[in-house]
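Under this note's numbering, think of the first position of the sequence shown as 8, with each following residue one higher.
From the three backbone atoms N, C-alpha and C, an ideal C-beta is built for every residue, glycine too.
To start, the structure under review is shown below, and the notes come after it.
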Amino acid sequence: MTARTTRLDAGVRSALRVVGAAAKKGLGDPGLAELVQIRASQLNHCAFCLDMHLAIARKDGVVREAQLDLLSAWEEAGDDVFDARERAALELTEAVTVLTEGFVPDEVYERASRHFDAARLAHLVALITVINSWNRLMVARRIPPGSTEW
8 MTARTTRLDA GVRSALRVVG AAAKKGLGDP GLAELVQIRA SQLNHCAFCL
58 DMHLAIARKD GVVREAQLDL LSAWEEAGDD VFDARERAAL ELTEAVTVLT
108 EGFVPDEVYE RASRHFDAAR LAHLVALITV INSWNRLMVA RRIPPGSTEW
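Have a look at this one:
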């Protein structure tokens, strides 16, 4: 697959990187940040972001291999693979990414709020929003995995 364009305004790229870094820092859990970004990228079929975030998770050792292997089936994977906090974050990731009902259901947000204080929950939502933006930028332009020009 060939990229449609590799042009992306440097200001846009820089702004998204800054927001993403702030969201990750505020969330305070690098492993969970990678799980959320990988799951959103799976849902959005973003090969570029999947390639990048799977490599980061493996290189930094912040996510167990079983979690990476079973992430697309996290709901069925069992509590020994994903704990309640991770499940709440993944459920919120899916709700924000897909917006099936046109909004994030109250019960999904409420479950997440049981595991994250207000600041961390805000950072989690910001991280989900940023990875969705990256996914859409990369998928719309067909940026292939591993590309260094984007």
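Which of helix, strand or coil does DSSP assign to residue i?
{"i": "Ala96", "result": "helix"}
{"i": "Pro152", "result": "coil"}
{"i": "Arg121", "result": "coil"}
{"i": "Asn139", "result": "helix"}
{"i": "His130", "result": "helix"}
{"i": "Ala10", "result": "coil"}
{"i": "Glu108", "result": "coil"}
{"i": "Asp90", "result": "coil"}
Taking the alpha-carbon positions, what's the residue i to residue j distance?
{"i": "Pro151", "j": "Ala30", "result": "25 Å"}
{"i": "Ala47", "j": "Thr104", "result": "6 Å"}
{"i": "Leu78", "j": "Leu42", "result": "8 Å"}
{"i": "His60", "j": "Ile45", "result": "6 Å"}
{"i": "Val137", "j": "Leu50", "result": "14 Å"}
{"i": "Glu108", "j": "Val19", "result": "29 Å"}
{"i": "Thr13", "j": "Ala80", "result": "33 Å"}
Would you mind working out which of the options sits nearest residue i, comparing C-alpha positions?
{"i": "Val69", "options": "Met59, Asn51, Pro37, Ser21", "result": "Pro37"}
{"i": "Ala10", "options": "Ser154, Gly153, Arg149", "result": "Arg149"}
{"i": "Ser154", "options": "Arg71, Leu134, Cys56", "result": "Cys56"}
For the region 116-130 against the region 76-87, are there 3 or more C-beta pairs whose distance is under 8 Å? Judged by Cβ distances under 8 Å, the region 116-130 makes no contact with the region 76-87, as fewer than three pairs qualify.
Below 8 Å, can you find three or more Cβ-Cβ pairs linking the region 99-110 to the region 53-70? At 8 Å Cβ cutoff, the stretches do not touch.
Alpha helix (DSSP H) runs contained entirely in the region 16-88, provided each spans 4 or more residues: Scanning the region 16-88 from its first residue to its last, the whole alpha helix (DSSP H) runs of 4-plus residues come out as 17-34, 37-50, 54-67, 72-77.
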